[in-house]
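Colleague: Below: one structure in structure tokens.
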Amino acid sequence: MIRKERAMERENFYSQLEQKPSSKTFFQLKNLGNNKNSVTQVIRHEEKDITCPDEQREVLAKTENVLLQYSLPSIDELLIFLPTKIKWKQSVRHAINTFWSNKFRSLSREKSTLTRLCTDIINIGEIHPVWKTATEIPGDTKKAITKARILTGTYLLQATKAKFNIGSTDPICPLCKLEEENLLHFLTRCPSLEGVRRTFYAPLKQAVINKIGIDQWKTNFQNRETLSQLIVDCRKLVGSILPNDNIFLNMVETISRNLCDKLHQQRLTQINSLS
Ligand SMILES: [Zn+2]
Numbered sequence: 001m002i003r004k005e006r007a008m009e010r011e012n013f014y015s016q017l018e019q020k021p022s023s024k025t026f027f028q029l030k031n032l033g034n035n036k037n038s039v040t041q042v043i044r045h046e047e048k049d050i051t052c053p054d055e056q057r058e059v060l061a062k063t064e065n066v067l068l069q070y071s072l073p074s075i076d077e078l079l080i081f082l083p084t085k086i087k088w089k090q091s092v093r094h095a096i097n098t099f100w101s102n103k104f105r106s107l108s109r110e111k112s113t114l115t116r117l118c119t120d121i122i123n124i125g126e127i128h129p130v131w132k133t134a135t136e137i138p139g140d141t142k143k144a145i146t147k148a149r150i151l152t153g154t155y156l157l158q159a160t161k162a163k164f165n166i167g168s169t170d171p172i173c174p175l176c177k178l179e180e181e182n183l184l185h186f187l188t189r190c191p192s193l194e195g196v197r198r199t200f201y202a203p204l205k206q207a208v209i210n211k212i213g214i215d216q217w218k219t220n221f222q223n224r225e226t227l228s229q230l231i232v233d234c235r236k237l238v239g240s241i242l243p244n245d246n247i248f249l250n251m252v253e254t255i256s257r258n259l260c261d262k263l264h265q266q267r268l269t270q271i272n273s274l275s
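All residue numbers for the sequence shown refer to our numbering, where the first residue is 1 and numbers rise by one.
Written as structure tokens, this is what we have:
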């Protein structure tokens, strides 16, 4: 009977861990039982048996720190509720992915290059829609690479080059020479890219109008910054302007990947013809 209760406690413990890995959960559960008889005499660490007490303390301290960092149960707690190998692997993977996903989100908020990237949907261990919506055809992969650069602020335009190479790079658009060549100019304003833009922008506009209606389109997307956001990462507009409809959002992602690639190709062709 006691064994059965223990087994149930352990099951509860791991289901809580999977759903919400917090140290609070473990400390609560730790109080359910205390095994005072457990004595560690030999520690197996990195394929070696450690018997020296000082070395043992060092290994245990390091291990405790790692467990604490990922909000996993402490060594004492694990001695009380020893998980199965499969459960432990699942728990560790979940704890590590959650930790790094949260870390990435908090760090990305400080990076100006990532302002247009929707970080809420990014989870470590999951494929981003920019790759998920691309087929394995080489041409599609190339388009996704260009789109990923635009998404992460690493697509090099004159304004970006000038920012990192002050004095020797002209930030003005080499194609139209009218204004600074930043992402907004490249995606929505440059008159030299207008022909390509008009052709490949039409299906994007139509898809969004079909979903939210012409009035909402006019209200929101006359603003060039919002329009750029739609092209770069439509998921950042979910809730405020767009519905949380995965099929629709993936369609917008696919169309915008095509639009970005055509603008990129046209820009390269025109730059090459200048030299
Ligand atoms: Zn231009």
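Just so it is clear, CB atoms sit at the ideal spot from N, CA and C, and this is done for glycine as well. Small disclaimer: the values here were computed from a predicted structure and weren't measured.
(1) Taking Cβ to Cβ, would you say residue 266 is nearer than 8 Å to residue 193?
(2) Would you identify the three-state DSSP class for residue 264, choosing helix, strand or coil?
(3) So, under 8 Å CB-CB, residue 200 and residue 143 are touching, yes? Tell me the CB distance rounded to an integer number of Å.
(4) Quick one: residues in its chain with C-beta nearer than 6 Å to the C-beta of residue 186, no 5 flanking neighbours on either side, listed in chain order?
(5) Regarding residue 185 and ligand 1, is the C-beta to nearest heavy atom distance less than 7 Å?
(6) Tell me whether residue 181, by its Cβ, gets closer than 7 Å to a heavy atom of ligand 1.
(7) Kindly confirm or deny that the segment 228-240 and the segment 117-127 touch, where touching means at least three C-beta pairs closer than 8 Å.
(8) Closest to residue 67 by CA distance: which of 53, 93, 49 and 51 is it?
(9) In whole angstroms, what is the alpha-carbon distance linking residue 283 and residue 148?
(10) Can you tell me which of 273, 268, 248 and 271 puts its alpha carbon nearest to the alpha carbon of residue 129?
(11) Decide yes or no for the touch test of the segment 241-260 against the segment 158-177: beta carbon pairs closer than 8 Å, at least 3 of them.
(12) With a Cβ-Cβ cutoff of 8 Å, do residue 113 and residue 141 count as a contact?
(13) Please enumerate, following chain order, all residues with a beta carbon closer than 5 Å to at least one heavy atom belonging to ligand 1.
(14) Grab the span of the alpha helix (DSSP H) containing residue 197 for me, first residue to last.
(15) DSSP puts residue 50 in a beta bridge; with which residues?
(16) Where does residue 61 land, buried or exposed, given buried means 16+ other C-beta within 10 angstroms?
(17) What is the C-beta distance between residue 133 and residue 254, in whole angstroms, given that I count them as a contact (C-beta under 8 Å)?
(18) Under a three-way DSSP split, which group does residue 26 fall into?
(19) Does DSSP put residue 110 in a helix, a strand or coil?
(20) Kindly give me the distance between the Cβ atoms of residue 282 and residue 204, rounded to whole angstroms, as I take these residues to be in contact under 8 Å.
(21) In this structure, how does DSSP classify residue 180 when only helix, strand and coil are distinguished?
(22) Can you tell me which of 100, 188 and 234 puts its alpha carbon nearest to the alpha carbon of residue 222?
(23) Whole-angstrom Cβ separation of residue 183 and residue 150, contact assumed at under 8 Å?
Modeller: Answer, in terms of the structure:
(1) Residue mapping note: residue 266 aligns to position 266 of the sequence shown, counting from 1. Residue mapping note: residue 193 aligns to position 193 of the sequence shown, counting from 1. Yes, these two residues count as a Cβ contact at 8 Å.
(2) For the purposes of this step, residue 264 is taken as the residue at position 264 of the sequence shown. Reduced to three states, the DSSP call for residue 264 is helix.
(3) If you number the sequence shown from 1, residue 200 lands on position 200. If you number the sequence shown from 1, residue 143 lands on position 143. Actually they do not touch by this definition, with Cβ atoms about 12 Å apart.
(4) Counted from its first residue, the sequence shown places residue 186 at position 186. Around residue 186, the same chain offers 157 as residues with beta carbons nearer than 6 Å, after the five sequence neighbours per side are excluded.
(5) Mapped onto the sequence shown, residue 185 falls at position 185. The nearest non-hydrogen atom of ligand 1 is less than 7 Å from the C-beta of residue 185.
(6) The residue you call residue 181 lines up with position 181 of the sequence shown. The answer is yes for residue 181.
(7) They touch, by the three-pair rule.
(8) Here residue 67 is taken as the residue at index 67 of the sequence shown, counted from 1. Out of 53, 93, 49 and 51, 93 has the C-alpha closest to the C-alpha of residue 67.
(9) Residue 283 is absent from the structure shown; the chain starts at 1 and stops at 275.
(10) What you label residue 129 is simply residue 129 of the sequence shown in a count that begins at 1. Ranking 273, 268, 248 and 271 by CA distance to the CA of residue 129 puts 248 first.
(11) Touching, no.
(12) Translated into positions along the sequence shown, residue 113 becomes position 113. Translated into positions along the sequence shown, residue 141 becomes position 141. In this structure, residue 141 does not lie closer than 8 Å to residue 113 by Cβ.
(13) Summarising the contact set, residues whose Cβ lies nearer than 5 Å to any heavy atom of ligand 1 are, in chain order, 173, 175, 176 and 190.
(14) On the sequence shown, position 197 is the one that residue 197 refers to. It spans 194-212 - the alpha helix (DSSP H) in which residue 197 sits, taken as one unbroken run.
(15) Position 50 of the sequence shown, counted from the start, is the residue given in the question as residue 50. Per DSSP, 43.
(16) By one-based count along the sequence shown, residue 61 stands at place 61. Counting of Cβ neighbours within 10 angstroms places residue 61 among the exposed residues, the total staying below 16.
(17) Taking the sequence shown and counting its residues from 1, one reaches residue 133 at position 133. Taking the sequence shown and counting its residues from 1, one reaches residue 254 at position 254. By a beta-carbon distance limit of 8 Å, residue 133 contacts residue 254. Their separation comes to about 5 Å.
(18) The residue you call residue 26 lines up with position 26 of the sequence shown. The predicted position of residue 26 is uncertain, since its pLDDT is 45 and thus under 50; no value can be drawn from it.
(19) Numbered from its first residue, the sequence shown carries residue 110 at position 110. Note: residue 110 maps to coil in three-state DSSP.
(20) A query on residue 282 cannot be resolved here, the shown segment of the chain reaching from 1 to 275 and no further.
(21) In the sequence shown, the residue the question calls residue 180 occupies position 180. In the structure shown, residue 180 falls within a strand segment according to DSSP collapsed to helix, strand and coil.
(22) The residue you call residue 222 lines up with position 222 of the sequence shown. Nearest to residue 222 by alpha-carbon distance, out of 100, 188 and 234, is 188.
(23) Within the sequence shown, numbered from 1, the residue matching residue 183 stands at position 183. Within the sequence shown, numbered from 1, the residue matching residue 150 stands at position 150. Their Cβ separation, rounded to whole angstroms, is 7 Å, which keeps residue 183 and residue 150 in contact under 8 Å.
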